[in-house]
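Chemist: Shown below is the structure under consideration.
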Amino acid sequence: MFERFRTGLATYTLRPDGKTERFGQIPQEQGKPQDAIVFVPPWSVIKDAIPANLKLLFEYNNEEEYQRMLIGYVQRTDNPRARIHIHNHDRIVLTSNREIQEQIEQVWLVLMKDNDTLDLTLPVSKEPRIGWYPLDMTIVQLQDGVWETKWHLGSPITEIYPSSTSNS
Numbered sequence: 063m064f065e066r067f068r069t070g071l072a073t074y075t076l077r078p079d080g081k082t083e084r085f086g087q088i089p090q091e092q093g094k095p096q097d098a099i100v101f102v103p104p105w106s107v108i109k110d111a112i113p114a115n116l117k118l119l120f121e122y123n124n125e126e127e128y129q130r131m132l133i134g135y136v137q138r139t140d141n142p143r144a145r146i147h148i149h150n151h152d153r154i155v156l157t158s159n160r161e162i163q164e165q166i167e168q169v170w171l172v173l174m175k176d177n178d179t180l181d182l183t184l185p186v187s188k189e190p191r192i193g194w195y196p197l198d199m200t201i202v203q204l205q206d207g208v209w210e211t212k213w214h215l216g217s218p219i220t221e222i223y224p225s226s227t228s229n230s
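Be aware that the sequence shown starts at 63, since it is given in this note's numbering, and climbs by one per residue.
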């Protein structure tokens, strides 16, 4: 388990309650806790994992296109109805770091074109890795009582500080 990690633009810290905090260049987001975080592999990892017969169907051919696609889902710039979910092996949606860390099998990032149309599923890590993108999620209640999930895709990780109580 990590204690904190850095990207080129922010430092992320694991809180005692299992949530994470991001301290970076956006003052209004300083120290606001995130409910969940996963780590998205860079294009260099994903491109090698795509079976040869699917590479022709895959629209993204380099890190820039891949990153633009991820940002499009996070910010919903390409499709306001696009959705992101973190799933476990049994396709159960995970909404907290505790739920993510309890998973024994692979955790997945599920990208939906619309509310019910699957676009892409990516394997993600529960632990930070150098060069991977942190993707954090915060669930907030709006003034009208509606709950909204906010996502943030960070810059690639540059440093990792393991927990002092970590066994690894």
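All residues carry an ideal CB built from backbone N, CA and C; glycine is no exception.
Keep in mind that this is a model prediction, so the values were computed, not measured.
Give me the Cβ distance between LEU215 and TYR195, rounded to the nearest whole Å; I'm assuming they're in contact under 8 Å.
Modeler: 6 Å
Chemist: Rounded C-beta distance between VAL186 and VAL102? I'm assuming under 8 Å.
Modeler: 5 Å
Chemist: Whole angstroms is fine: what's the gap from ARG68's alpha carbon to ARG153's?
Modeler: 30 Å
Chemist: Could you check whether TYR135 and LEU173 sit closer than 8 Å to each other, using their CB atoms as the reference points?
Modeler: yes
Chemist: Are the CB atoms of ILE133 and ASP198 nearer to each other than 8 Å?
Modeler: no
Chemist: Tell me which same chain residues have a C-beta within less than 6 Å of the C-beta of ARG160, skipping the five on either side of it?
Modeler: GLY80
Chemist: Is the beta carbon of ILE219 sitting closer than 8 Å to the one on PRO190?
Modeler: For the pair ILE219 and PRO190, the CB atoms are nearer than the 8 Å cut-off.
Chemist: Between which two residues does the beta strand (DSSP E) carrying GLN203 extend?
Modeler: 195–203
Chemist: I need the straight-line Cα distance from GLY193 to THR157, nearest angstrom please.
Modeler: In a straight line, the C-alpha of GLY193 is about 24 Å away from that of THR157.
Chemist: Can you tell me where the beta strand (DSSP E) holding MET131 begins and where it ends?
Modeler: Not the beta strand (DSSP E): MET131 falls in the alpha helix (DSSP H), residues 125–137.
Chemist: Please name the residue in GLU65, MET63, LYS94 and TYR74 whose C-alpha comes closest to that of VAL202.
Modeler: LYS94
Chemist: How far does the alpha helix (DSSP H) with LYS109 in it reach, from first residue to last?
Modeler: 105–111
Chemist: The alpha helix (DSSP H) with GLU161 in it runs from where to where?
Modeler: 159–163
Chemist: Which same chain residues end up closer than 8 Å to THR139 when comparing Cβ atoms and leaving out the 5 residues on each side of it in sequence?
Modeler: ILE133
Chemist: Which residues share a DSSP beta bridge with ALA98?
Modeler: MET199
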